[in-house]
Amino acid sequence: MSEFTLSCPVPANDEETIKLAHGGGGRAMARLLDSVIRPGFRGASLELQHDGAVLDLAGATAFTTDSYVVKPLFFPGGDIGTLAINGTVNDLLMCGARPLYLSVGFILEEGLPFATLRRVVASMHDAALAAGVKLATGDTKVVDRGKADGLFVNTAGIGRVLTPTPIAPDQVRPGDAVILSGDIGRHGIAVMAARDGFGFETSIESDCAPLLGPVLGLLDAGIVPHCLRDLTRGGLASATVEIAEAVKLAIALDERAIAVCDEVSAACELLGFDPLHVANEGRFVAFVAAKDAKPAVEILRRHAVSANAAIIGEVREAPAGQVSCRGALGVARVVDMMSGEQLPRIC
Ligand code: MG
7 MSEFTLSCPV PANDEETIKL AHGGGGRAMA RLLDSVIRPG FRGASLELQH DGAVLDLAGA
67 TAFTTDSYVV KPLFFPGGDI GTLAINGTVN DLLMCGARPL YLSVGFILEE GLPFATLRRV
127 VASMHDAALA AGVKLATGDT KVVDRGKADG LFVNTAGIGR VLTPTPIAPD QVRPGDAVIL
187 SGDIGRHGIA VMAARDGFGF ETSIESDCAP LLGPVLGLLD AGIVPHCLRD LTRGGLASAT
247 VEIAEAVKLA IALDERAIAV CDEVSAACEL LGFDPLHVAN EGRFVAFVAA KDAKPAVEIL
307 RRHAVSANAA IIGEVREAPA GQVSCRGALG VARVVDMMSG EQLPRIC
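First residue of the sequence shown? That's 7 in my numbering, and the numbers climb one at a time after it.
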């Protein structure tokens, strides 16, 4: 795989917008790649001049993909580009894998300003650099005006599995501690507030971030979590219910240990949302053996992104497949996923 270098950059023209011809495989597409995509990913190990990247992989490998359709494209704390890199990086980390390579596929709508695409590409470059992943291959397509909302991104990622035993839902055992890496609900509220006409203001920023530090920190210390799950769409509720149902065990949470900042709490009250259902992009839960719980929390708290990590519950034998949450008054309620989607296009 050749290191990308651009010998003759085409001058940027911020007035220019995407046309159908930019996806046509001809000169116009070559110019889009030369003026926006390649310069934006400068230094990445990007193979756009060939049909694919050739990777040298050995041993257990994690492989994941995700598509990003967030609306609006830019929101406090991030944009569709940071989301597309961090989301896929974090899914690899949740498999106990060090993220190595990503692919990037763009669907661009006719009329999208080059300047918008340039901003997104710059965000992706910075996020990939921060997470230590290489952009190995990519693709760009253009669709007619009105057939996409500006731009959509798909990223796929490959990572090297670092642990001898799998980190997966079926490894969760009764007695495991449930650790939450930080306060919840920031991404969902930030995106909702950024949406035109949503009708409330908040200074909340998305928690969108790579989880490299905390996850590798645990593994480096010899703590192998039984399961890791990042809290994205559906929030803490969906993540824990999915795991409880998969392993047919109970998860008992303590609401007093689950951090929700004042602004997220206030927005949830206003909108009638349960913070447990609100989306995150830089938080995860770790299921660890009870003996590892305290050291794991200490390690997580050394990293800014997980500085408020806490034990929020435990895994029990019964009732199988059920998540409960004990509130401030000591009364436990059953936690369920939302039946539909709280807000579409949150990621
Ligand atoms: Mg995930």
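Here a beta-carbon is modelled for each residue, glycine too, at the ideal position from N, C-alpha and C.
As the structure is a prediction and not an experimental result, all values here were calculated from the model.
Per the DSSP secondary-structure output, L186 pairs in a beta bridge with V291 and A316. Residue pairing of G111 in beta bridges, as defined by DSSP: D145 and N160. When the Cα atoms are used, L225 and R192 turn out to be separated by approximately 27 Å. G117 and V253 have their alpha carbons spaced roughly 48 Å apart.
Between ligand 1 and the CB of D189, the shortest heavy atom gap is not smaller than 6 Å. In this structure, S129 places its C-beta atom within 7 Å of the C-beta atom of G87. Excluding its 5 nearest sequence neighbours in each direction, M344 has C-beta neighbours in its own chain below 7 Å: G240 and H283, listed in chain order.
Neighbourhood of ligand 1, defined by CB distance below 6 Å to any of its heavy atoms: D97, M100, D236 and T238, in chain order. The closest CA to that of A273, considering only E323, A299 and I195, is found on I195.
In the three-state scheme derived from DSSP, where H, G and I count as helix and E and B as strand, F204 is classed as coil. Judged by their CB atoms, N92 and A133 are nearer to each other than the 7 Å cut-off. A straight line joining the alpha-carbon of L277 with that of S209 spans about 16 Å.
Bridge partners of K140 according to DSSP: Y107. Annotated three-state conformation of L242 is helix, per DSSP.
In the DSSP assignment, R308 is bridged to no other residue. Looking only at R33, A64, T23 and F80, the smallest Cα-Cα distance to C353 is reached by F80. For A66, the three-state secondary structure derived from DSSP is coil. Cβ contact annotation for K147 (same chain, cutoff 6 Å, sequence separation greater than five): G29 and I113, in chain order. Counting C-beta pairs closer than 8 Å gives three or more between the region 212-220 and the region 307-317, which meets the contact rule.
Apart from the 5 residues on each side of it in sequence, A136 sits with its Cβ closer than 7 Å to the Cβ of P216 in its chain, given in chain order. A265 sits in coil when the DSSP states are folded into three classes, being neither helix nor strand. Counting the other CB atoms within 10 Å of its CB gives F279 a total of 16 or more, which places it among the buried residues. Three or more Cβ pairs closer than 8 Å define a contact, and the region 64-72 meets that threshold against the region 92-102. Per DSSP, D236 lies in no alpha helix (DSSP H); the unbroken beta strand (DSSP E) holding it starts and ends at C233 to D236. Taking 7 Å as the cut-off, the beta carbon of A66 is found closer than this to the beta carbon of V167.
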